[in-house]
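S.K.: No gaps in the numbering here: position 325 of the sequence shown is 309 in this note's numbering, and each next residue is one more. Here you go, one structure.
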Amino acid sequence: MPATTTYGRPVGRGDPAFRKAMTFVAMTVVVPGTAHLAAGRRRLGRFLIRAWLTLVGLALVTAMIFLLDQGFLIRLSTESWLLTLLRWGAVVVGVGWALAVLHAYVLAHPPAIERSRRLVATGIALLAAGAILGPTIFVSNVIDGQRSLISIFPEGSADLGDRVNILLLGGDAGADRFGLRPDSINVASVEVSTGRPVLFSLPRNMQRAPFESGTPLAEEFPNGYVCEDGGCMLNGIYTYAIDRPELFPAGASDTERGTLAMKNVVGATLGLDIDFYVIVDLQGFEGIVDALGGVQIDVTERVPIGGNADDPSAPVEGYIEPGVQVLDGHEALWYSRSRTNTSDYDRMSRQRCVLGAILNQADPANVLLNYTELAASAEATLATDIPQGSLNALVQVGLLAKSQSITSVQFVPPLIPDTADPDFQLIRASVEQAIEASEEAPDPAETGAAPPPADGGEEPPPDPGDPDAPPAAPVPVADVCSYG
C-alpha cells in the first residue's frame, strides 16, 4: 500500500498517529501526566504525576488505617465538614483526570489520524474520560449520602457500657407527626464486647404497663397505663405523651416526647435501662428494603397484601405465597404489618423475621452499591437519639452482631396469657434469663457454629399462676423463621 500524506505527515501501514493517540490516552488513564511529559509538556506533566502520587499515597494510608483501625475511619465519616471537602474533592479529581485524558488525546494531534479511524479514536478517548468521571461521581454521591445520613443523629456522645439497649419502634406517621402509632415495639439488647443480640418484643395491646418511679408519668399512672374502658394500650402512650407537653422538658418536640415516654414505659416493663431509640416510619421502610435489593424469607403461610383487620370491607390486593421468596419493599412491608386473617402475635413473629433477614443480608458490598438510595430512604424515615459520637462504637458492635445468632423473647400468649393484665415479674425474669443465657453461650468463632437453641425452647410454657415456674427461655430467631 503506497504511503499517503495527511497534513504534511506520511501515514504508513497501521496508522502510527492512531497508535500514538491511543497510547497517550492509555498512559493518562493509568498514570496522569506521563503522556504530557512524552509530548514535551513537562510542567503540566510533573504537576499531574505529583497529584496522582499524592492520591495513591492517600489511598494506601486509608487502606492501612482500614486494616489497623476501622474505628478511626468511621469517626472521620461522621465529620460533616470533612465529608463536604471529600465530596467536592472527588468531583475535582474526576473532572481533572477526565480533562487530562482528553488533553492528552489532543496532544497526539488527532487530525493526523486517518479519517476512517479518527471517529473511533475520538470515541475511545471520550469513553476513557467517562470511565474515570463516572466512578468519581459515584463516590461523590456516596459521600453526599453519608453527609445527609449523619444529619439524622444528634451531636454529642455517650458511653455504651457493657451492654446497649436500643428501643426499636415502627409506626405509621400522620400528616404532621413522625411515627404517630408505634405498631412494632422491640428492644435489641446487645452485649458490646461480643455483639450477641437478644430481641425482646412487646405487643402493642399490652395494658397496665408501669412507668419508672419518680417520673411525672408514674405519678399520672401509679397503677400502670390503664383506663376504665380498657383503651389504654402500650402503643397509645406515644400519642398520650404528644398531647401532654407539660409532663416533659420545655421545648421537647412531638417525637421527643413520644419516644421519651416509650423509653420510660418499655424500660420499666422489661427491667432494662433503655439507652437509645430508633423509630421507623413503616411507609418509608419500603425504600430501605428496595435499596437493599429486597429480603429473602421462607414464607410459611399465605400473607394478604392489603385488607384491614378492623375493616372487613377493605380489599385485599394480593397475597405473598408460601415458599422461599425475595420480597421487595412493598411486600416486606405487608409481610411485617398484615393482620388480615391473622393476629397481632403472628405479625410480631413476622416482624422478627424481617429484622433478622435485613441484619443477615445487609452485607457491606450490597450496602455500598446502594448507599445513596439507602441514605435517602433512611433520612426520610428514621429518627433516633443515638449521638454521632457513639456511631463508631455501635457500628463495631453491629459488625460483631452479624456473626451471632439472634435470640428473642416474645411477650405474648402463651407466655403472657392475658396482655390486659400481664405478669410483669415474669416478664422481667424472662428478660434476665435471656440475657444471662446469651452472655454464657459459646462463641460461634470458637465452636465453628451458631449458638444452639436454648434447651427450654421446646418445653411447654410455664404456668403464669405458679410463682415457682421458671421464665420462658429465649428462642433463636432462625428457629422461628428462615431467611437467606
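Glycine residues also receive a C-beta, built at the ideal position from the N, C-alpha and C atoms.
1) So, at 7 Å on beta carbons, what are the nonlocal neighbours of N125 in its own chain, with the 5 sequence-adjacent residues on each side left out?
2) Identify which residue in P371, L52, R192 has its Cα closest to the Cα of D213.
3) How big is the Cα-Cα spacing for N325 and Y224?
4) Exposed or buried, S100, counting other C-beta atoms within 10 Å across all chains shown (16 or more means buried)?
5) State the DSSP-derived secondary structure class of A438, mapped to helix, strand or coil.
6) For L144, which three-state DSSP category applies?
7) Considering only the beta carbon of each residue, do V182 and A88 sit closer than 9 Å?
8) Are A92 and T18 touching if we call contact CB-CB under 9 Å?
9) For D7, which three-state DSSP category applies?
10) Using a Cβ-Cβ cutoff of less than 8 Å, which residues in the same chain neighbour A159 once the five nearest sequence positions on both sides are dropped?
11) Terminal residues of the continuous beta strand (DSSP E) containing A367?
12) Which term fits A241, buried or exposed, when burial requires 16 or more other beta carbons within 10 angstroms of its beta carbon?
13) Please confirm whether V287 and I272 have their CB atoms less than 9 Å apart.
14) Which partner residues of P288 appear in the DSSP bridge assignment?
15) Just checking my contact of R180 with V174 at CB under 8 Å: how many whole Å lie between their CB atoms?
16) So what does DSSP say about E175, is it helix, strand or coil?
17) Quick one: grab the DSSP three-state call for S422.
18) Would P233 and Y329 qualify as a contact pair, given that the criterion is a beta-carbon distance under 9 Å?
19) So is F2 buried or exposed if we call it buried at 16+ other beta carbons inside 10 Å?
20) Residue ranges of each beta strand (DSSP E) run of no fewer than 3 residues wholly in the region 315 to 394, ordered along the chain?
21) Let me check one thing: in DSSP terms, what residues is N149 bridge-paired to?
22) What are the partner residues of V279, as DSSP defines its beta bridges?
23) Please confirm whether any heavy atom of the ligand FAD lies closer than 8 Å to the CB of P426.
24) Which residues does DSSP pair with S237 in a beta bridge?
25) Who are the near neighbours of A252 in its chain, counting only those whose CB is closer than 6 Å to its CB and skipping five residues on each side?
26) Work out the CA separation of R27 and I108 for me, nearest whole Å.
27) If we call anything under 9 Å between Cβ atoms a contact, is I342 one with E315?
28) Going along the chain, which residues of its own chain have a beta-carbon closer than 6 Å to the beta-carbon of A74, five neighbours each way excluded?
29) Kindly identify the DSSP beta-bridge partner or partners of D265.
30) Rounded to a whole number of angstroms, what is the C-alpha to C-alpha distance between L32 and T368?
31) Where F137 and V379 are concerned, what is the direct C-alpha to C-alpha distance, given to the nearest angstrom?
32) Consult DSSP for R188 and reduce its assignment to one of helix, strand or coil.
33) What residue range does the alpha helix (DSSP H) around T38 cover?
34) Just to confirm my understanding: we take V250, look at its own chain, exclude 5 residues before and 5 after, and list those with CB closer than 7 Å. What are they?
35) For the alpha helix (DSSP H) that contains N554, what are its first and last residues?
M.R.: Reading off the structure:
1) Taking the first residue of the sequence shown as 1, we reach residue 125 at position 141. The residues are T356.
2) Translated into positions along the sequence shown, residue 213 becomes position 229. Cα-wise, what sits closest to D213 is R192.
3) For the purposes of this step, residue 325 is identified with residue 341 of the sequence shown, where counting begins at 1. For the purposes of this step, residue 224 is identified with residue 240 of the sequence shown, where counting begins at 1. C-alpha separation (whole angstroms): 30 Å.
4) By 1-based counting over the sequence shown, the position of residue 100 is 116. S100 should be labelled exposed.
5) The count along the sequence shown starts at 1 and reaches residue 438 at position 454. With a pLDDT of 38 at A438, under the threshold of 50, the modelled position of this residue cannot be trusted, and the question is left open.
6) For this step, residue 144 is matched to residue 160 along the sequence shown. Note: L144 maps to coil in three-state DSSP.
7) Taking the sequence shown and counting its residues from 1, one reaches residue 182 at position 198. Taking the sequence shown and counting its residues from 1, one reaches residue 88 at position 104. No, Cβ-Cβ distance for V182 and A88 is not below 9 Å.
8) In the sequence shown, counting from the first residue as 1, residue 92 sits at position 108. In the sequence shown, counting from the first residue as 1, residue 18 sits at position 34. Taking 9 Å as the Cβ cut-off, A92 and T18 do not qualify as a contacting pair.
9) Locating residue 7 in the sequence shown gives position 23, where the first residue counts as 1. Position check: residue 7 holds Thr in this sequence, whereas Asp was assumed. Correct three-state label for T7: helix.
10) Here the question's residue 159 lines up with position 175 in the sequence shown. Below a pLDDT of 50, predicted positions are generally treated as unreliable, and A159, at 45, falls in that range; no measurement from the model is reported.
11) For the purposes of this step, residue 367 is taken as residue 383 along the sequence shown, with counting starting at 1. From DSSP, the beta strand (DSSP E) with A367 extends over 366 to 368.
12) Against the sequence shown, residue 241 aligns to sequence position 257. In the sequence as presented, Ala is not what sits at residue 241; that position holds Arg. Buried, by the Cβ-count rule.
13) Counting from one through the sequence shown, the residue named residue 287 turns up at place 303. Counting from one through the sequence shown, the residue named residue 272 turns up at place 288. Not a contact, by the Cβ cut-off of 9 Å.
14) On the sequence shown, position 304 is the one that residue 288 refers to. Answer by DSSP bridge pairing, in chain order: Y303.
15) Taking the sequence shown and counting its residues from 1, the one referred to as residue 180 is at position 196. Taking the sequence shown and counting its residues from 1, the one referred to as residue 174 is at position 190. Their Cβ separation, rounded to whole angstroms, is 7 Å, which keeps R180 and V174 in contact under 8 Å.
16) Position 191 of the sequence shown, counting from 1, holds the residue named residue 175. Of the three classes helix, strand and coil, the one that applies to E175 here is strand, per DSSP.
17) Translated into positions along the sequence shown, residue 422 becomes position 438. The answer is helix: DSSP assigns S422 an H, G or I state.
18) Locating residue 233 in the sequence shown gives position 249, counting from the first residue. Locating residue 329 in the sequence shown gives position 345, counting from the first residue. No, they are not a contact pair.
19) Counting from one through the sequence shown, the residue named residue 2 turns up at place 18. Answer is buried; the Cβ neighbour count reaches 16.
20) 366 to 368, 391 to 394
21) Taking the sequence shown and counting its residues from 1, one reaches residue 149 at position 165. According to DSSP, N149 bridges with S173.
22) Here residue 279 corresponds to residue number 295 of the sequence shown, with the count starting at 1. According to DSSP, V279 bridges with L311.
23) Among the ligands in the structure shown, none appear at all, so the ligand FAD cannot be discussed.
24) Start at 1 with the first residue of the sequence shown, and residue 237 comes out as number 253. According to DSSP, S237 bridges with nothing at all.
25) If you number the sequence shown from 1, residue 252 lands on position 268. Cβ neighbours of A252 beyond the five flanking positions: P194, F195, E196.
26) As a first step, residue 108 must be located in the sequence shown, where it is residue number 124. As a first step, residue 27 must be located in the sequence shown, where it is residue number 43. The straight-line gap from Cα to Cα measures roughly 26 Å.
27) Sequence index remark: in the sequence shown, residue 342 carries index 358 (1-based). Sequence index remark: in the sequence shown, residue 315 carries index 331 (1-based). Their beta carbons are not under 9 Å apart, which means I342 does not touch E315 by this criterion.
28) Start at 1 with the first residue of the sequence shown, and residue 74 comes out as number 90. Hits under 6 Å: T120, V123, S124.
29) Taking the first residue of the sequence shown as position 1, residue 265 is located at position 281. In the DSSP output, where bridge partners are listed per residue, D265 has G155.
30) Counted from its first residue, the sequence shown places residue 32 at position 48. Counted from its first residue, the sequence shown places residue 368 at position 384. Using only the alpha carbons, I get a separation of about 45 Å.
31) The sequence position of residue 137 within the sequence shown is 153, counting from 1. The sequence position of residue 379 within the sequence shown is 395, counting from 1. Cα to Cα, the separation comes out at about 14 Å.
32) Indexing the sequence shown from 1 puts residue 188 at position 204. Under the three-state reduction of DSSP output, R188 falls in the coil class, being neither helix nor strand.
33) Here the question's residue 38 lines up with position 54 in the sequence shown. Looking at the DSSP string, the run of the alpha helix (DSSP H) that includes T38 is 26 to 52.
34) For the purposes of this step, residue 250 is taken as the residue at position 266 of the sequence shown. So the qualifying residues of the chain are L151, I169, V171, L186, I258.
35) Because the chain spans -15 through 468 in this model, residue 554 falls outside it and cannot be assessed.
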